[in-house]
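To start, the structure under review is shown below, and the notes come after it.
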Amino acid sequence: MFKISLITADNDSFQYVKDIRTAVFVGEQGIDSNLEFDRFDKVAAPALFALLEDEGAAAATARLVLTEKGYKLGRVAVLKAFRGMGYGDAVVRTLLEKALSLGAEEVFVDAQNHAVPFYEKIGFKIVGGEITDRGLNHIQMSIRKGDVKTNCHCS
Ligand code: COA
Numbered sequence: 656m657f658k659i660s661l662i663t664a665d666n667d668s669f670q671y672v673k674d675i676r677t678a679v680f681v682g683e684q685g686i687d688s689n690l691e692f693d694r695f696d697k698v699a700a701p702a703l704f705a706l707l708e709d710e711g712a713a714a715a716t717a718r719l720v721l722t723e724k725g726y727k728l729g730r731v732a733v734l735k736a737f738r739g740m741g742y743g744d745a746v747v748r749t750l751l752e753k754a755l756s757l758g759a760e761e762v763f764v765d766a767q768n769h770a771v772p773f774y775e776k777i778g779f780k781i782v783g784g785e786i787t788d789r790g791l792n793h794i795q796m797s798i799r800k801g802d803v804k805t806n807c808h809c810s
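Per my numbering, residue 656 is the first one in the sequence shown, and the count goes up by one each step.
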């Protein structure tokens with residue numbers, strides 16, 4: 656049984672979001688922690704975080720921010736022990752739904768190359784070239800309101 660909470664950076668549980676991202680992006684992928692945590696992770700920033708807990712254990716997270724381009728998803732991370740269980744899918748869909756409910760017509764994500772098929776399963780399409788973010792190559796993708804595919808792992 657899992658539950659997903661939507662929180663902001665001033666919530667006590669934000670520490671769990673930081674712990675997951677530190678384990679996955681800093682520990683596993685070697686990203687500099689000064690780059691991993693940016694202005695959107697500050698209390699004053701208008702960002703929303705999905706935190707998925709499995710039987711009370713923090714397991715997955717993702718972030719939704721509003722940029723000059725529009726709503727953007729990112730920092731999608733599932734702890735290694737919890738991968739392949741639909742949790743990545745669930746946190747992305749939760750924030751996608753939130754963005755659409757806030758009026759977004761299109762939601763963007765910069766996907767690491769290996770994660771492109773993961774986002775394509777949800778309905779994201781490649782819309783731009785390769786960019787470098789935090790030292791890693793990413794592909795620009797987006798999804799439009801009517802293009803979200805079913806196959807939801809949400810409960
Ligand atoms: N390539 C192809 N398909 C993939 C995939 C990959 N790398 N990762 C997941 N999928 C597929 C699954 O098979 C599943 O398909 P199904 O619905 O047909 O069963 C679907 O995508 C959902 O998978 P899910 O179990 O929700 O994925 P996950 O919980 O393991 O999370 C990541 C996927 C990428 C978020 C996770 O591997 C992770 O945290 N990786 C390290 C951090 C990272 O790279 N984040 C992405 C930054 S852009």
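Glycine included, every Cβ here is placed at the ideal spot set by N, Cα and C.
Would you kindly work out how many angstroms separate the C-alpha atoms of residue i and residue j, rounded to a whole number?
i       : j       : result
Asn-689 : Ile-781 : 28 Å
Ala-759 : Val-681 : 31 Å
Lys-776 : Asn-666 : 31 Å
Ala-717 : Phe-669 : 11 Å
Val-747 : Asn-792 : 20 Å
Gln-684 : Asp-693 : 17 Å
Val-803 : Glu-691 : 28 Å
Glu-761 : Gly-790 : 26 Å
Ala-745 : Asn-806 : 10 Å
Ile-659 : Ala-732 : 14 Å
Asp-696 : Lys-753 : 18 Å
Ala-678 : Val-672 : 10 Å
Arg-799 : Glu-710 : 33 Å
Thr-722 : Pro-701 : 10 Å
Arg-676 : Asp-788 : 15 Å
Lys-724 : Leu-734 : 29 Å
Asp-765 : Gly-783 : 9 Å
Phe-779 : Asn-768 : 13 Å
Thr-749 : Leu-757 : 13 Å
Bridge partners of residue i, per DSSP?
i       : result
Arg-730 : None, per the DSSP bridge assignment.
Gln-767 : His-793
Phe-680 : In DSSP, Phe-680 forms no bridge with anything.
Arg-799 : Glu-761
Ala-715 : Leu-707 and Val-733
When we look at the beta-carbon of residue i and count the other beta-carbons within 10 Å, is it buried (16 or more) or exposed?
i       : result
Ser-797 : buried
Asp-674 : exposed
Asp-687 : exposed
Gly-743 : buried
Tell me whether the beta-carbon of residue i lies closer than 8 Å to the beta-carbon of residue j.
i       : j       : result
Ala-712 : Leu-706 : no
Ile-786 : Val-771 : no
Ala-664 : Val-698 : yes
Leu-661 : Leu-703 : yes
Glu-708 : Phe-657 : yes
Are three or more beta carbon pairs between the stretch 720-729 and the stretch 737-744 nearer than 8 Å? no
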